[in-house]
Amino acid sequence: ARRCRVSRARPPAWAAFATMNRLNKAQKDKVKRFAAVADADEKTALAVLKEVRWDLELGLETYFTSPSSHFASSNVDAAALEKTYGEYRAADDTHDDDIIDAAGIERLCADIGIDPVDPVILNISSKMEAKTMGAYTKEEFFRGMTRMETCDARALKSKIPALRAEMDDPNIFKRVFEYSFDFAKEPNHKSLPLETATAMFKVLLDGRWALVDEWCAFLEKDGSVKAVTRDTWNQTLEFSRQIGEDMSGYDPAGAWPYLIDEFVEHKLEQKS
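Mind the numbering: the sequence shown is residues -9 to 262 in our numbering, read in order.
The structure is reproduced here in structure tokens:
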């Protein structure tokens, strides 16, 4: 089987050691944590964390979403990656743009052994910085595959367990969750249509929030809710993490979106 050739630029061992030796314990812990989560070397972790003044969450977000990818420290075999892109690329007579379309993405998912609605595909798409659901541009595909140090479907398939495990990290899951709002919405729209939002809530929060089905049913119950705003989307994740199934921890004076406040009232009325 063809293997992806990856080269890493590393500083001399003594230089890396000297730099790490000057850090305090908290900084060293952040470097190691960043390297583990981002699958990066310590030189890269150190560079990112210094730039964001040691904010680990911001550093990870910067590393994974920087359009310039200026922190990338590896190079994947470009010829092998070009060949892989060609295997999934849409035919010239089907689209105006050079893309992998929905059919190509479905074939890619089949080849890496996942369902197209598996939430891990959202982690993969976020690494590509894909802007539109159902399409990967060549630039997006190359960017994501390079970040994941993969050049073909076989290599990407071997990364799936690690990519899935990443989503158990609260910071990474939050990044993927918030990214998914823009990924799923129509260009130039500010909100997600309700049907799309509820489907995405279920994909991302099933198994993570016991009330996700009740929340979606509440939004759909009388047809009055037509769309979900970014604030409601983002705050739904925070609500799922902070408030108990019995609404314990909920503060009526808190700054929750009105739909969440109404959901709490609905739940409390059910209890009484």
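The C-beta atom is built at its ideal place from N, Cα and C for all residues, glycine as well.
Check                                                                                                                                                                          : Outcome
To the nearest angstrom, how far is it from the Cα of histidine 179 to the Cα of arginine 12?                                                                                  : 48 Å
State the beta-bridge partners of valine 218 as determined by DSSP.                                                                                                            : Leu182
Is it right to say lysine 40 is buried, meaning 16 or more other beta carbons lie within 10 angstroms of its own, or is it exposed?                                            : exposed
Tell me the residue span of the alpha helix (DSSP H) that contains isoleucine 114.                                                                                             : 110 to 118
Can you name, in chain order, every residue of its own chain whose Cβ lies under 7 Å from the Cβ of tyrosine 240, other than the five neighbours on each side?                 : Ile233 and Val254
DSSP state of tyrosine 240, grouped into three classes?                                                                                                                        : coil
Quick one: grab the DSSP three-state call for valine 66.                                                                                                                       : strand
Once the 5 residues before and after glutamate 168 are set aside, which same chain residues still bring their CB inside 7 Å of it?                                             : Asn224
Compare the C-alpha of glutamine 260 against each of Glu204, Ser181 and Gly213 and name the closest.                                                                           : Glu204
Determine the burial state of serine 230: buried for a count of at least 16 other Cβ atoms within 10 Å of its Cβ, exposed for fewer.                                           : buried
Please say whether leucine 184 and alanine 174 have beta carbons closer to each other than 8 Å?                                                                                : no
Over what stretch of residues does the alpha helix (DSSP H) that includes lysine 128 continue unbroken?                                                                        : 128 to 137
The alpha helix (DSSP H) spanning cysteine 99 covers which residue range?                                                                                                      : 92 to 101
Hey, out of Arg133, Pro109, Arg154 and Val42, whose CA is closest to glutamate 119's CA?                                                                                       : Arg133
Under 8 Å, do alanine 125 and isoleucine 102 count as touching if we go by C-beta distance?                                                                                    : no
Could you tell me the alpha carbon to alpha carbon distance between threonine 188 and arginine 220, rounded to whole angstroms?                                                : 13 Å
Alpha carbon to alpha carbon, how far is lysine 22 from glycine 244? Give it in angstroms, no decimals.                                                                        : 36 Å
Throw me the rounded Cβ distance for the leucine 201 and glutamate 235 pair, which I believe falls under 8 Å.                                                                  : 6 Å
Within 10 angstroms of the Cβ of asparagine 14, are there 16 or more other Cβ atoms? Answer buried if so, exposed if not.                                                      : exposed
By the 10 Å Cβ neighbour count, where 16 or more other Cβ atoms means buried, how is proline 242 classified, buried or exposed?                                                : exposed
For glycine 94, does the count of other Cβ atoms within 10 angstroms reach 16, so buried, or fall short, so exposed?                                                           : buried
So the candidates are Ala155, Glu77 and Cys206; which of them puts its Cα closest to the Cα of alanine 28?                                                                     : Ala155
Aspartate 105: buried (16+ other C-beta within 10 angstroms of its C-beta) or exposed?                                                                                         : exposed
Got a sec, what are the start and stop residues for the alpha helix (DSSP H) valine 21 sits in?                                                                                : 15 to 28
For arginine 137 and proline 247, I'd like the C-alpha separation in whole angstroms.                                                                                          : 36 Å
Spell out the partners DSSP gives threonine 84 in its beta bridges.                                                                                                            : None, per the DSSP bridge assignment.
Report yes if the C-beta of leucine 46 is less than 7 Å from at least one heavy atom of the ligand HEM; otherwise report no.                                                   : Ligands in the displayed structure: none, and consequently the ligand HEM is not present.
For methionine 157, collect the residues of the same chain with a Cβ closer than 8 Å to its Cβ; drop the 5 residues on either side in sequence, then sort them by chain order. : Pro109, Val110, Asn113, Phe163 and Val166
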